[in-house]
Amino acid sequence: GIQVEQSPPDLILQEGANSTLRCNFSDSVNNLQWFHQNPWGQLINLFYIPSGTKQNGRLSATTVATERYSLLYISSSQTTDSGVYFCAVADGNFNKFYFGSGTKLNVKP
Amino acid sequence: GAVVSQHPSWVICKSGTSVKIECRSLDFQATTMFWYRQFPKQSLMLMATSNEGSKATYEQGVEKDKFLINHASLTLSTLTVTSAHPEDSSFYICSARSPERTGGTGTEAFFGQGTRLTVV
Chain A
-2 GIQVEQSPPD
8 LILQEGANST
18 LRCNFSDSVN
28 NLQWFHQNPW
38 GQLINLFYIP
48 SGTKQNGRLS
58 ATTVATERYS
68 LLYISSSQTT
78 DSGVYFCAVA
88 DGNFNKFYFG
98 SGTKLNVKP
Chain B
-13 GAVVSQHPSW
-3 VICKSGTSVK
7 IECRSLDFQA
17 TTMFWYRQFP
27 KQSLMLMATS
37 NEGSKATYEQ
47 GVEKDKFLIN
57 HASLTLSTLT
67 VTSAHPEDSS
77 FYICSARSPE
87 RTGGTGTEAF
97 FGQGTRLTVV
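Quick mapping for you: the protein sequence lines, in order, are chains A and B. Going left to right, the first sequence walks through residues -2 to 106 as my numbering numbers them. Going left to right, the second sequence walks through residues -13 to 106 as my numbering numbers them.
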């Protein structure tokens, strides 16, 4: 199956700081998504981004499919951004959807 | 609002009993649904993939007789944990996808809110 690696595993920020989370994957994919898992376990869809760049408020994401990586940018971080961020990819037939190990973000006031 | 609804959100059951978890797509027909399990402080582990009207495809190491999956309609999939034991206690999450929901040829996946199962 496709291997998905996320870095860093843990990240501590001061409120207001910017950060970049990375997702590397081992094979070509036809779907890549970023999620934020809240303290209750709910996975919040952030971006559906198999390629290109998207922005949504303070968040933006870029996927370079040919180089097999994606980046999630968080600007002017807030304490409510704390939680675990997951990257997930699907293979060409979308028969399986694989998750990375996540980045645990802690934004301190 | 939520596009995938999972029920119940939490359940406590006695060892040896069975528990059914429902996953519904609310505003689209889900051709494929996925079931995941998540242990504390770990990532999501894919358990099985189900397509409407056909048998589920289980990941290696997942007991199909213990975790029964039924995708009876395009809006409902169920996971039944049979003869539950304390080691089955975990967070279970379902996901649904549909090109119709994403638009074009997209295949965005949407997740339910999860079910926390505790077996005592």
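Glycine is no exception: its CB is placed at the ideal position from the N, C-alpha and C atoms.
Report the rounded CA-to-CA distance for residue i versus residue j, giving the unit in angstroms.
i	j	result
residue 63/A	residue -2/B	46 Å
residue 39/B	residue 56/B	8 Å
residue 26/B	residue 96/A	15 Å
residue 51/A	residue 20/A	16 Å
residue 76/A	residue -11/B	27 Å
residue 87/A	residue 26/A	6 Å
residue 57/A	residue 69/B	45 Å
residue -13/B	residue 71/B	Bear in mind that the predicted position of residue -13/B carries a pLDDT of just 48, short of 50, making it unreliable; the figure below should be weighed with that in mind. Looking at the two C-alpha atoms, the distance is approximately 34 Å.
residue 42/A	residue 33/A	7 Å
residue 81/B	residue 11/B	9 Å
residue 36/B	residue 8/A	35 Å
residue 40/A	residue 22/B	12 Å
residue 6/A	residue 17/B	33 Å
residue 6/B	residue 65/B	6 Å
residue 32/B	residue 48/A	24 Å
residue 60/A	residue 4/B	43 Å
residue -2/A	residue 79/A	30 Å
residue 0/A	residue 106/A	35 Å
residue 72/A	residue 100/A	16 Å
residue 65/A	residue 103/B	36 Å
residue 19/B	residue 4/A	28 Å
residue 62/B	residue 43/B	17 Å
residue 93/B	residue 13/B	15 Å
residue 47/B	residue 46/A	31 Å
Return the residue from the list the options that minimises the CA-CA distance to residue i.
i	options	result
residue 81/A	30/B, 66/B, 82/B, 104/B	30/B
residue 54/A	18/A, 74/A, 88/A, 26/A	74/A
residue 84/A	93/A, 67/A, 76/A	67/A
residue -7/B	44/B, 105/B, 78/B, 95/B	78/B
residue 15/B	45/B, 95/B, 4/B	95/B
residue 94/A	105/A, 30/A, 104/A	30/A
residue 60/B	75/B, 43/B, 34/B, 83/B	83/B
Confirm, please, whether the CB-CB distance from residue j to residue i is below 9 Å.
i	j	result
residue -9/B	residue 9/B	yes
residue 100/B	residue 24/B	yes
residue 18/A	residue 44/A	no
residue 105/B	residue 0/B	yes
residue 12/A	residue 98/A	no
residue 102/A	residue 23/A	no
Classify residue i: buried if its beta carbon has 16 or more other beta carbons within 10 angstroms, exposed otherwise.
i	result
residue 28/A	buried
residue 2/B	exposed
residue 51/B	exposed
residue 49/B	exposed
residue 58/B	exposed
residue 37/A	exposed
residue 89/A	exposed
residue 67/B	buried
residue 104/A	buried
residue 76/B	buried
residue 74/B	buried
Taking 8 Å as the cut-off, is the beta-carbon of residue i closer than that to any non-hydrogen atom of the ligand ADP?
i	result
residue 77/B	In the structure on display, the ligand ADP does not appear, and there are no ligands present to speak of.
* Asked: What residue ranges within the stretch 2 to 48 of chain B form continuous beta strand (DSSP E) runs of no fewer than 3 residues, ordered along the chain?
  -> Segments of the beta strand (DSSP E) lying fully in the stretch 2 to 48 of chain B: 5 to 11, 18 to 24, 30 to 37.
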